[in-house]
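Chemist: Chains as they are written, first to last, in the numbering used here: chain W, 1083 to 1239; chain U, 40 to 338. Sharing a structure, written as structure tokens. Questions coming.
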């Protein structure tokens, strides 16, 4: 059964599914704080098909490093910056895939793009945020949002 | 066994590689590629048994890679591990020759199930179990008694496998997943089907394959049978064919294929639904391992 929207709770649950699939990581529900929208250290965007939706995943570096540690199954000290970016991008990719399945978009996903805080700020000024959800991963904030009309950001300009 | 993992994410390559390492292959070789173009070059030189590819990748996507493999007539099996969930895209992949599509995120069990099933069945054709026309049934088939089945199985192991004939088992979801073997006669016609529930498959696979009771129990718990257990199980299935014979020719049947079946499918239901058909149902047990069910059905 497909639908055209995703609730905040559904978005959080999809995030939980991705996190828990990556080992012993867990997401705990938490309210969205204004500073999470563009005040975290790392953001990844993924476009989701013809509906014009995009996923934005925001975390601090420590959360991204924990994801990388779980996905590469190696100690933090063995990871480089590219590994951390790669792991965060893949987590965003998986989350976007789950969302696309839920909303039933028939077009493909874009590749994950790492966005600067400045781009995210510009994007959120113009974009229509459809749904957002907050969470904590090992006590650190995670921001999940589905927005519309974010092409200028995801074209990499 | 050679696997080529194609994904532009090294984190995902790492996850898939760890999953494959749990399959139990004694000689496992894994190579990694970042996109379809790189994969194509490796396939030509290295000739892997299976390619596990992402869909969305730069330079050459997974579906473009599959098309190139087909066009260049490269002999390799391909499965997708992807975030792509669109039914149209999945149909496109299967139509193009992909053996399976696994969605990310996935568990190791899901990955191993898809890979092992695809490698055991080249290709995985459940159509082989289509029942014969009614006019041809019954062409007599001698199915084993419990003693005959026990004798055959116990020839393979030092453990004592206890076998007891029981009333026909209903084909129902709780028997799934199961291991299904097909037997053919000299004319390559499918004559019998054997079904082992996962417990029976793991127990018999363990006692023949030298696997500990604990490992067998773990396989049952995670609802997944690994390569070592499956190899042991295949020995049992092969041996069981020796005690199923065509009444007319007195020739034993030959094991044609072994499938891991995740769920009941219509053709299997139709075989079980036929009242006139010959069948043998057994409960098997091994001390310290547990018990399970085996059914042999003439098709």
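Built from N, CA and C at the ideal position, the CB exists for glycine as well.
Just to confirm my understanding: we take residue 137 of chain U, look at its own chain, exclude 5 residues before and 5 after, and list those with CB closer than 8 Å. What are they?
Modeler: Position 98 of the second chain, counted from the start, is the residue given in the question as residue 137 of chain U. Once the five neighbours on either side are set aside, the close Cβ partners of residue 137 of chain U are 105, 117, 118 and 119.
Chemist: Beta-carbon of residue 1099 of chain W versus every beta-carbon of chain U: anything under 9 Å?
Modeler: Taking the first residue of the first chain as position 1, residue 1099 of chain W is located at position 17. For residue 1099 of chain W, the answer is yes, since a Cβ of chain U falls inside 9 Å of its Cβ.
Chemist: Is residue 291 of chain U near residue 280 of chain U, with beta carbons less than 9 Å apart?
Modeler: Within the second chain, the letter at position 252 stands for residue 291 of chain U. Within the second chain, the letter at position 241 stands for residue 280 of chain U. Their beta carbons are under 9 Å apart, which means residue 291 of chain U touches residue 280 of chain U by this criterion.
Chemist: For residue 1091 of chain W, does the count of other Cβ atoms within 10 angstroms reach 16, so buried, or fall short, so exposed?
Modeler: Residue 1091 of chain W sits at position 9 when you count from the first residue of the first chain. Label assigned to residue 1091 of chain W: exposed.
Chemist: Residues of chain W with CB closer than 7 Å to the CB of residue 54 of chain U, please, in chain order.
Modeler: To locate residue 54 of chain U, count along the second chain from 1; it is residue 15. Result: 1153.
Chemist: Report the residue ranges of all beta strand (DSSP E) runs contained in full by the segment 169-220 of chain U; include only those spanning at least 3 residues, in chain order.
Modeler: Listed in chain order, they are 201-204.
Chemist: What does the Cβ neighbour count give for residue 1154 of chain W, buried or exposed, with the cut at 16 atoms within 10 Å?
Modeler: On the first chain, position 72 is the one that residue 1154 of chain W refers to. Residue 1154 of chain W is buried by the Cβ-count criterion.
Chemist: Output the distance between the C-alpha atoms of residue 336 of chain U and residue 1102 of chain W, rounded to the nearest integer angstrom.
Modeler: What you label residue 336 of chain U is simply residue 297 of the second chain in a count that begins at 1. What you label residue 1102 of chain W is simply residue 20 of the first chain in a count that begins at 1. Answer to the nearest angstrom: the Cα atoms are 42 Å apart.
Chemist: Under 9 Å, Cβ to Cβ, is there at least one residue of chain U near residue 1111 of chain W?
Modeler: Position 29 of the first chain, counted from the start, is the residue given in the question as residue 1111 of chain W. No, because no Cβ of chain U sits closer than 9 Å to the Cβ of residue 1111 of chain W.
Chemist: Comparing alpha-carbon positions, which option in U:233, U:204 and U:247 lies nearest residue 194 of chain U?
Modeler: One-based indexing of the second chain puts residue 194 of chain U at position 155. Answer by Cα proximity: U:247.
Chemist: For residue 295 of chain U, does the three-state DSSP call read helix, strand or coil?
Modeler: Counting from 1 along the second chain, the entry for residue 295 of chain U is found at position 256. Of the three classes helix, strand and coil, the one that applies to residue 295 of chain U here is strand, per DSSP.
Chemist: Which term fits residue 98 of chain U, buried or exposed, when burial requires 16 or more other beta carbons within 10 angstroms of its beta carbon?
Modeler: Within the second chain, residue 98 of chain U is the residue found at index 59, counting from 1. With fewer than 16 Cβ atoms within 10 Å of its Cβ, residue 98 of chain U is classed as exposed.
Chemist: Contact check, residue 242 of chain U vs residue 187 of chain U under 8 Å by CB: the rounded distance?
Modeler: Sequence index remark: in the second chain, residue 242 of chain U carries index 203 (1-based). Sequence index remark: in the second chain, residue 187 of chain U carries index 148 (1-based). With a Cβ gap of about 19 Å, residue 242 of chain U and residue 187 of chain U do not count as contacting.
Chemist: Between which two residues does the beta strand (DSSP E) holding residue 1218 of chain W run?
Modeler: Here residue 1218 of chain W refers to the residue found at position 136 when the first chain is read from its first residue. Per DSSP, residue 1218 of chain W belongs to the beta strand (DSSP E) from 1210-1219.
Chemist: Taking the CB atoms as reference points, tell me whether residue 295 of chain U and residue 229 of chain U lie closer together than 9 Å.
Modeler: As a working mapping, residue 295 of chain U is identified with position 256 in the second chain. As a working mapping, residue 229 of chain U is identified with position 190 in the second chain. Yes, the pair counts as a contact, with Cβ atoms nearer than the cut-off.
Chemist: For residue 1130 of chain W, count neighbouring Cβ atoms within 10 angstroms of its own Cβ and tell me buried if that reaches 16, exposed if not.
Modeler: Looking up residue 1130 of chain W in the first chain gives position 48. By the neighbour-count rule (16 or more Cβ atoms within 10 Å), residue 1130 of chain W is buried.
Chemist: Let me see if you follow: with CB-CB separation under 9 Å, is residue 103 of chain U close to chain W or not?
Modeler: By 1-based counting over the second chain, the position of residue 103 of chain U is 64. Not an interface residue.
Chemist: Given a threshold of 16 other Cβ atoms within 10 Å of its Cβ, counted over all protein chains shown, does residue 326 of chain U qualify as buried or as exposed?
Modeler: Here residue 326 of chain U is taken as the residue at index 287 of the second chain, counted from 1. Exposed, since its Cβ has fewer than 16 Cβ neighbours within 10 Å.
Chemist: Give me the chain U residues within the contact set of residue 1160 of chain W, using Cβ-Cβ distance strictly less than 7 Å, ordered along the chain.
Modeler: Here residue 1160 of chain W is taken as the residue at index 78 of the first chain, counted from 1. None at all; the shortest Cβ gap to chain U is about 11 Å.
Chemist: What residues match up with residue 1195 of chain W in a beta bridge as DSSP calls it?
Modeler: The count along the first chain starts at 1 and reaches residue 1195 of chain W at position 113. BP columns for residue 1195 of chain W point to W:1127.
Chemist: Is it right to say residue 144 of chain U is buried, meaning 16 or more other beta carbons lie within 10 angstroms of its own, or is it exposed?
Modeler: By 1-based counting over the second chain, the position of residue 144 of chain U is 105. Residue 144 of chain U comes out buried.
Chemist: If distances are taken between C-alpha atoms only, which option among U:265, U:59, U:190 and U:111 comes closest to residue 80 of chain U?
Modeler: As a working note, residue 80 of chain U is residue 41 in the second chain. Nearest of U:265, U:59, U:190 and U:111 to residue 80 of chain U, Cα basis: U:111.
Chemist: From this set, W:1229, W:1125, W:1230 and W:1218, which residue's C-alpha is nearest residue 1095 of chain W's C-alpha?
Modeler: Translated into positions along the first chain, residue 1095 of chain W becomes position 13. Nearest option by C-alpha distance: W:1218.
Chemist: Express the C-alpha separation of residue 1149 of chain W and residue 1169 of chain W in angstroms, rounding to a whole number.
Modeler: The sequence position of residue 1169 of chain W within the first chain is 87, counting from 1. The sequence position of residue 1149 of chain W within the first chain is 67, counting from 1. Spanning the two alpha carbons is a distance of roughly 6 Å.
Chemist: Which residues, in order along the segment 1169-1193 of chain W, keep a beta-carbon less than 7 Å from a beta-carbon of chain U?
Modeler: So the list reads 1169, 1171, 1172, 1175, 1176, 1178, 1179, 1182, 1183, 1188, 1190, 1191 and 1193, given in the order they occur along the chain.
Chemist: Considering Cα atoms alone, identify which of W:1113, W:1159, W:1135 and W:1145 is closest to residue 1230 of chain W.
Modeler: Here residue 1230 of chain W corresponds to residue number 148 of the first chain, with the count starting at 1. Nearest option by C-alpha distance: W:1135.
Chemist: Which residues bound the alpha helix (DSSP H) around residue 1153 of chain W?
Modeler: Against the first chain, residue 1153 of chain W aligns to sequence position 71. Start and end: 1143-1154.
Chemist: Counting only beta-carbon separations shorter than 9 Å, does residue 1087 of chain W have a partner in chain U?
Modeler: Within the first chain, the letter at position 5 stands for residue 1087 of chain W. It does not: the Cβ of residue 1087 of chain W has no partner Cβ on chain U nearer than 9 Å.
Chemist: By the 10 Å Cβ neighbour count, where 16 or more other Cβ atoms means buried, how is residue 310 of chain U classified, buried or exposed?
Modeler: Along the second chain, read from residue 1 onward, the residue named residue 310 of chain U stands at position 271. Buried: at least 16 other Cβ atoms inside 10 Å.
Chemist: Got a sec? Which residues, its chain only, sit under 7 Å from residue 231 of chain U by beta carbon, not counting five neighbours each side?
Modeler: As a first step, residue 231 of chain U is located in the second chain; it is residue number 192 there, counting from the start. Hits under 7 Å: 180, 222, 283, 292, 335, 336, 337 and 338.
Chemist: In the DSSP assignment, the beta strand (DSSP E) including residue 1110 of chain W goes from what residue to what residue?
Modeler: As a working mapping, residue 1110 of chain W is identified with position 28 in the first chain. From DSSP, the beta strand (DSSP E) with residue 1110 of chain W extends over 1109-1112.
Chemist: Report the three-state DSSP secondary structure of residue 235 of chain U (helix, strand or coil).
Modeler: Here residue 235 of chain U refers to the residue found at position 196 when the second chain is read from its first residue. Correct three-state label for residue 235 of chain U: strand.
Chemist: Output, in chain order, the set of chain U residues within a Cβ distance shorter than 9 Å of residue 1217 of chain W.
Modeler: Mapped onto the first chain, residue 1217 of chain W falls at position 135. Chain U residues near residue 1217 of chain W: none, gap ~16 Å exceeds 9 Å.
Chemist: For residue 92 of chain U, return the contacting residues in chain W, with the cut-off set at a CB-CB distance below 9 Å.
Modeler: Along the second chain, read from residue 1 onward, the residue named residue 92 of chain U stands at position 53. Within chain W, no residue comes near residue 92 of chain U; the closest Cβ sits about 15 Å away, beyond 9 Å.
Chemist: According to the Cβ coordinates, are residue 269 of chain U and residue 240 of chain U closer than 9 Å?
Modeler: The residue you call residue 269 of chain U lines up with position 230 of the second chain. The residue you call residue 240 of chain U lines up with position 201 of the second chain. Result yes, Cβ atoms of residue 269 of chain U and residue 240 of chain U sit closer than 9 Å.
Chemist: Please decide whether residue 173 of chain U counts as near chain W, where near means a Cβ-Cβ distance under 9 Å.
Modeler: Stepping through the second chain from its first residue, residue 173 of chain U is reached at position 134. Only weak support exists for where residue 173 of chain U lies, its pLDDT of 36 falling under 50; the value from the coordinates is given anyway. False, the Cβ-Cβ gap to chain W never drops below 9 Å.
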